[in-house]
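K.L.:
Per the working numbering, the sequence shown starts with residue 8, numbered consecutively.
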Amino acid sequence: MAGFAFKQFTVAQSRSAMKVSTDGVLFGAWVSVAGAQRMLDIGAGTGLLSLMCKQRAPKLAIDAVEIDAQACLDAKDNIYASPWEDICVHHTPIQTFVSDQSYDLVISNPPYFNHSLKGPDAARNTARHTDSLSFVQLIEAFMRHSHAQGRLAVILPAQEGLAFITLAVQRGLYLARRCNVSMTPDKPMSRLMLEFHRNQTTQELHSLCVRNKMGEYSEAFIALCRDFYLKM
Numbered sequence: 008m009a010g011f012a013f014k015q016f017t018v019a020q021s022r023s024a025m026k027v028s029t030d031g032v033l034f035g036a037w038v039s040v041a042g043a044q045r046m047l048d049i050g051a052g053t054g055l056l057s058l059m060c061k062q063r064a065p066k067l068a069i070d071a072v073e074i075d076a077q078a079c080l081d082a083k084d085n086i087y088a089s090p091w092e093d094i095c096v097h098h099t100p101i102q103t104f105v106s107d108q109s110y111d112l113v114i115s116n117p118p119y120f121n122h123s124l125k126g127p128d129a130a131r132n133t134a135r136h137t138d139s140l141s142f143v144q145l146i147e148a149f150m151r152h153s154h155a156q157g158r159l160a161v162i163l164p165a166q167e168g169l170a171f172i173t174l175a176v177q178r179g180l181y182l183a184r185r186c187n188v189s190m191t192p193d194k195p196m197s198r199l200m201l202e203f204h205r206n207q208t209t210q211e212l213h214s215l216c217v218r219n220k221m222g223e224y225s226e227a228f229i230a231l232c233r234d235f236y237l238k239m
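#1: Please report the distance separating the alpha-carbon of R6 from that of N219.
#2: Which ranges would you report for the alpha helix (DSSP H) in the segment 136 to 165 if only whole runs of at least 4 residues count?
#3: Please name the residue, chosen from G168, Y119, I172, that lies closest to S139 on a Cα-to-Cα basis.
#4: Taking buried to mean at least 16 other C-beta atoms within 10 Å of its own C-beta, is Y110 buried or exposed?
#5: When the Cα atoms are used, what is the spatial distance from A230 to R22?
#6: I'd like to confirm the pairing. Which residues does DSSP put opposite V96 in its beta bridges?
#7: DSSP puts F13 in a beta bridge; with which residues?
#8: Is it a yes or a no for the segment 96 to 106 touching the segment 73 to 80, going by three-plus beta-carbon pairs under 8 Å?
#9: Can the beta-carbon of V105 be found less than 9 Å from the beta-carbon of L47?
#10: Does the segment 222 to 239 come close enough to the segment 205 to 212 that 3 or more CB-CB pairs lie under 8 Å?
#11: Is DSSP giving L33 helix, strand or coil here?
#12: Report yes if the C-beta distance between V217 and T191 is below 9 Å; otherwise report no.
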């Protein structure tokens with residue numbers, strides 16, 4: 008079973024349409040788990056983000072929701088093989104997911120292609136295109152499953168991230184943390200990592216460059232991700 012090995016767990020991804028990526032690892036390391044007791048991972052895929060957050064906060068109770076059956080199988084295998092077997096994987100669309108408790112933290116590395124051409128791989132299309140989960144549906148799911156102090160964190164390409172901010176603010180959310188991500192110093196911002204609160208708050212704005220001018224991982228990226236990557 009081929010997998011991507013991290014310091015404390017391995018991610019098998021032979022069945023999942025979306026593979027481990029720098030985006031995912033960066034986001035899993037950036038998400039603030041401070042003070043959270045219950046977390047909901049929407050579109051969990053291989054379970055990468057749930058496993059990263061659990062490593063950072065072992066007492067965190069996590070529900071991971073994934074619509075794709077094959078990705079669910081990978082996620083369940085990865086969690087079973089990890090030190091944290093108590094992460095619960097739910098094979099269901101978030102639109103019909105039911106929980107008897109609300110969450111402190113909701114995270115998602117959501118589908119983001121709205122109008123781009125689709126490929127022949129149906130599972131990959133589901134994972135990448137907003138047909139299965141629109142931005143509005145994601146925001147509504149957060150509102151439905153979180154309490155008044157709940158937080159929503161997402162990672163998106165820059166253009167889609169700006170659109171998401173507009174939609175979230177229109178629905179009464181407040182942007183609390185924003186990190187502009189670029190791959191190299193000479194390239195424009197390519198990703199946005201965002202955290203929203205339901206109550207008005209001050210906004211933190213940061214920028215992060217994944218690689219330096221030499222093409223090596225930057226000090227900031229290493230500082231954020233060194234607890235996970237084997238070679239850091």
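Even glycine gets a Cβ: it sits at the ideal position worked out from N, Cα and C. Here the structure is a predicted model, which is why all the values come from computation and not from measurement.
P.N.:
So, from the data block:
#1: Absent from the model: residue 6. The displayed extent of the chain is 8 to 239, so no value can be given.
#2: The segment 136 to 165 contains these whole alpha helix (DSSP H) runs: 142 to 152.
#3: Position 132 of the sequence shown, counting from 1, holds the residue named residue 139. Checked all of G168, Y119, I172; the closest Cα to S139 is Y119.
#4: In the sequence shown, the residue the question calls residue 110 occupies position 103. With 16 or more other Cβ atoms within 10 Å, it is buried.
#5: Translated into positions along the sequence shown, residue 230 becomes position 223. Translated into positions along the sequence shown, residue 22 becomes position 15. For A230 and R22, the distance between alpha carbons rounds to 31 Å.
#6: Along the sequence shown, read from residue 1 onward, the residue named residue 96 stands at position 89. According to DSSP, V96 bridges with A71.
#7: The count along the sequence shown starts at 1 and reaches residue 13 at position 6. Looking at the DSSP assignment, F13 forms a beta bridge with Y236.
#8: In short, these stretches touch, since the Cβ pair count reaches three.
#9: In the sequence shown, counting from the first residue as 1, residue 105 sits at position 98. In the sequence shown, counting from the first residue as 1, residue 47 sits at position 40. In this structure, L47 does not lie closer than 9 Å to V105 by Cβ.
#10: Under the 8 Å Cβ criterion, the segment 205 to 212 does not count as touching the segment 222 to 239, having fewer than three qualifying pairs.
#11: By 1-based counting over the sequence shown, the position of residue 33 is 26. Here L33 sits in helix by DSSP.
#12: In the sequence shown, residue 217 corresponds to position 210, counting from 1. In the sequence shown, residue 191 corresponds to position 184, counting from 1. Yes.
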